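Student: Pasting a structure here, questions to come.
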Amino acid sequence: MIKNIEVINYIKKFKKNKVGKFSFQVTEGKITALLGSSGSGKTVLINSIIGCYKKYSGNILINNKSIKKANGFKENQNIGFYTQIDFSLQNFTLKKYLTNMSLIMGIKRKYVKEKINYWIDFFDLTDSKDKKVKNFSWGMKNRVNLILCLLKEPNILILDEPGANLDSYWTNKIKNLLIKYKKEGKTIIITAHNIDEIAEIIDNYLIIDNGELIFQGSKEELNVFSKYKVFLKSNFDVVKFREFLLTREIQSFRYDEEENSLVIAVKNYKQLNYLFLYLIKNNLLLKNLIKLPINMESIHKALESKKLENEV
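Going by UniProt numbering, the residue at position 64 of the sequence shown is 64; the numbering climbs one at a time, nothing skipped.
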């Protein structure tokens, strides 16, 4: 297990508050979600990792090299960073803008055209390559931002809200791209406002609250899976139902006798198929199936539940 990013005893102080002290590691070939409410400190941490902030206590290592040292900026060559830029002041065409940025990034001129054409085609912007980026829609601008992140083929990707202003088609396409990069052994850190959009591809979570790292670990340890509320048309034997779910490693939670419902958590869609097969075999009619949102509230509840389990 190779550590691409290691944060050691990190503290960033401001006049009225601070972020830290905490330590964590991010390993290659994993997708790590960095989550926290607005103002929690996650943006401060990201800016420190990419080298925007140099004044902090502790250390940050990229590939075992400290980025606080004088030549630490060299490690940025291994990092692709996505954030939202609106390009309002850019008077260049897409092709010209990406050419300029490729050369600034240090990409050899003989490879620039090939790389630009590949990513313009991938993000369906070929017909717009001779149009000025400042006139693009927000969705198109976000695709340009993703190209900037990916152009130099970095080993480490840090994506700050990559799904913003993108429809479901592009959100799914980016998820599939991240899965591909994960299989190639790249290291990925991602933040998201809508956690539901990325939950299925996340391996590990880092959760920051009021400047403190309140959780670091796998999604199994966090116990946040896709949850559904199952409504049946008639009464059912909940004990027998729960026993079956356990045999398929499906977790069950709140049971409501009045509305004949049970909340379950599944790791994948295959487990949902087991649910349906059980209902058919036992002549139980499904009234409704509602996917429950994964958000910061549900994550905090999972953490509270985990804390109570540890105290027992």
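Every residue, glycine too, gets a C-beta built ideally from N, C-alpha and C. On a predicted model such as this, the values are computed, not experimentally measured, just so you know.
Starting from the C-beta of S57, find all residues in its chain whose C-beta is less than 6 angstroms away, skip the five residues before and the five after it, and write them out in chain order.
Tutor: For the purposes of this step, residue 57 is taken as residue 57 along the sequence shown, with counting starting at 1. The residues are I11.
Student: Please return the same chain residues whose Cβ sits closer than 7 angstroms to the Cβ of P162, not counting the five positions on each side in sequence.
Tutor: As a first step, residue 162 must be located in the sequence shown, where it is residue number 162. These residues qualify, in order along the chain: Y82, L146, I174 and I190.
Student: Fully enclosed by the segment 21-88, which beta strand (DSSP E) runs are 3 residues long or longer?
Tutor: List check, beta strand (DSSP E) in window: 31-35, 57-62 and 79-82.
Student: What does a CB cutoff of less than 7 angstroms around V312 pick up in its chain, not counting 5 residues either side in sequence?
Tutor: Within the sequence shown, residue 312 is the residue found at index 312, counting from 1. Low confidence applies here, because V312 scores a pLDDT of 47, under 50, leaving its location unreliable and the question unanswered by this model.
Student: Could you check how far apart the C-beta atoms of K141 and D203 are, in whole angstroms? I think they sit under 8 angstroms.
Tutor: The count along the sequence shown starts at 1 and reaches residue 141 at position 141. The count along the sequence shown starts at 1 and reaches residue 203 at position 203. Rounded, the Cβ-Cβ distance is 29 angstroms, inconsistent with contact.
Student: How big is the Cα-Cα spacing for I156 and A192?
Tutor: The count along the sequence shown starts at 1 and reaches residue 156 at position 156. The count along the sequence shown starts at 1 and reaches residue 192 at position 192. Rounded to the nearest angstrom, the two C-alpha atoms are 17 angstroms apart.
Student: According to DSSP, is E212 part of a helix, a strand, or is it coil?
Tutor: Against the sequence shown, residue 212 aligns to sequence position 212. Strand.
Student: Could you pull out every unbroken beta strand (DSSP E) segment of at least 3 residues lying fully inside the segment 212-251, listed in chain order?
Tutor: Entirely contained in the segment 212-251, the beta strand (DSSP E) runs reaching 3 residues are, in chain order, 212-218 and 226-232.
Student: Using the three-state DSSP reduction, which class does A265 fall into: helix, strand or coil?
Tutor: Position 265 of the sequence shown, counting from 1, holds the residue named residue 265. If DSSP states are grouped into helix, strand and coil, A265 belongs with the strands.
Student: Starting from G288, trace the beta strand (DSSP E) both ways and give me its first and last residue.
Tutor: On the sequence shown, position 288 is the one that residue 288 refers to. The amino acid at residue 288 is misidentified as Gly; the sequence shows Asn. Start and end: L286 to L292.
Student: Can you look up L157 in the DSSP assignment and give me helix, strand or coil?
Tutor: By 1-based counting over the sequence shown, the position of residue 157 is 157. Here L157 sits in strand by DSSP.
Student: For the segment 218-231 against the segment 259-266, do three or more pairs of beta-carbon atoms, one drawn from each stretch, fall closer than 8 angstroms, so that the two count as touching?
Tutor: In short, these stretches touch, since the Cβ pair count reaches three.
Student: Quick one: using the 10 Å Cβ neighbour count with 16 as the cut-off for buried, is G36 buried or exposed?
Tutor: If you number the sequence shown from 1, residue 36 lands on position 36. Flag for G36 reads buried.
Student: What is the DSSP secondary structure of F253, reduced to helix, strand or coil?
Tutor: As a first step, residue 253 must be located in the sequence shown, where it is residue number 253. Residue state, collapsed to three classes: strand.
Student: In terms of residue numbering, what span does the beta strand (DSSP E) encompassing I198 cover?
Tutor: Locating residue 198 in the sequence shown gives position 198, where the first residue counts as 1. First-last for I198: undefined, no H or E at that position.
Student: Could you work out which residue in Y278, K219 and F276 is closest to K267 when comparing CA atoms only?
Tutor: Indexing the sequence shown from 1 puts residue 267 at position 267. Of the listed residues, the one whose Cα sits closest to K267 is K219.
Student: Taking Cβ positions, are N64 and E28 nearer each other than 8 angstroms?
Tutor: Translated into positions along the sequence shown, residue 64 becomes position 64. Translated into positions along the sequence shown, residue 28 becomes position 28. No, the pair does not count as a contact, with Cβ atoms beyond the cut-off.
Student: For a test of the three-state rule: what should DSSP assign to I107, helix, strand or coil?
Tutor: Working through the sequence shown from its first residue, we reach residue 107 at position 107. In this structure, I107 counts as coil in the three-state DSSP scheme.
Student: Among S234, N235 and Q271, which one has its Cα closest to the Cα of S252?
Tutor: The residue given as residue 252 occupies position 252 in the sequence shown. Closest option to S252, Cα to Cα, is Q271.
Student: Would you kindly work out how many angstroms separate the C-alpha atoms of F236 and N194, rounded to a whole number?
Tutor: Translated into positions along the sequence shown, residue 236 becomes position 236. Translated into positions along the sequence shown, residue 194 becomes position 194. Distance between the alpha carbons of F236 and N194 is about 34 angstroms.
Student: Report the partner residues of N204 according to the DSSP bridge assignment.
Tutor: Here residue 204 refers to the residue found at position 204 of the sequence shown. Answer by DSSP bridge pairing, in chain order: T32 and S218.
Student: Enumerate in chain order the residues of its own chain whose CB-to-CB distance from M101 is below 8 angstroms, with the five nearest sequence positions on each side excluded.
Tutor: For this step, residue 101 is matched to residue 101 along the sequence shown. L148 and L151.
Student: What does the alpha-carbon distance come out to for the pair K53 and N47?
Tutor: Here residue 53 corresponds to residue number 53 of the sequence shown, with the count starting at 1. Here residue 47 corresponds to residue number 47 of the sequence shown, with the count starting at 1. The question names Lys, yet the displayed sequence has Tyr at residue 53. Approximately 6 angstroms between the Cα atoms of the pair.
Student: Could you tell me if P154 is buried or exposed, where buried requires 16 or more neighbouring beta carbons within 10 angstroms of its beta carbon?
Tutor: Locating residue 154 in the sequence shown gives position 154, where the first residue counts as 1. It is buried - the Cβ of P154 has at least 16 other Cβ atoms within 10 Å.
Student: Which residues in the same chain have their Cβ closer than 8 angstroms to the Cβ of I201, if we skip the five residues on either side of it in sequence?
Tutor: For the purposes of this step, residue 201 is identified with residue 201 of the sequence shown, where counting begins at 1. Correct list, in chain order: I31, K175, L178, I179 and K182.
Student: Specify the secondary structure class of K180 as computed by DSSP and reduced to three states.
Tutor: Locating residue 180 in the sequence shown gives position 180, counting from the first residue. Three-state DSSP puts K180 in a helix.
Student: What residues in its chain sit with their C-beta under 6 angstroms from that of E221, if we drop five residues either side in the sequence?
Tutor: Within the sequence shown, residue 221 is the residue found at index 221, counting from 1. Within the same chain, E221 has no close Cβ partners at all.
Student: Can you tell me whether D130 is buried or exposed, with buried defined as 16 or more other CB within 10 angstroms of its CB?
Tutor: On the sequence shown, position 130 is the one that residue 130 refers to. Per the 10 Å Cβ criterion, exposed.
Student: At which residues does the beta strand (DSSP E) containing T93 begin and terminate?
Tutor: Against the sequence shown, residue 93 aligns to sequence position 93. From DSSP, T93 is part of no beta strand (DSSP E); its letter is neither H nor E.
Student: Counting only beta-carbon separations shorter than 8 angstroms, does L94 have a partner in chain B?
Tutor: The displayed structure is made up of one protein chain only, and chain B is not part of it.
Student: With burial defined as no fewer than 16 other Cβ atoms inside 10 Å of the residue's Cβ, what is the status of R254: buried or exposed?
Tutor: For the purposes of this step, residue 254 is taken as residue 254 along the sequence shown, with counting starting at 1. By the 10 Å Cβ count, R254 comes out exposed.
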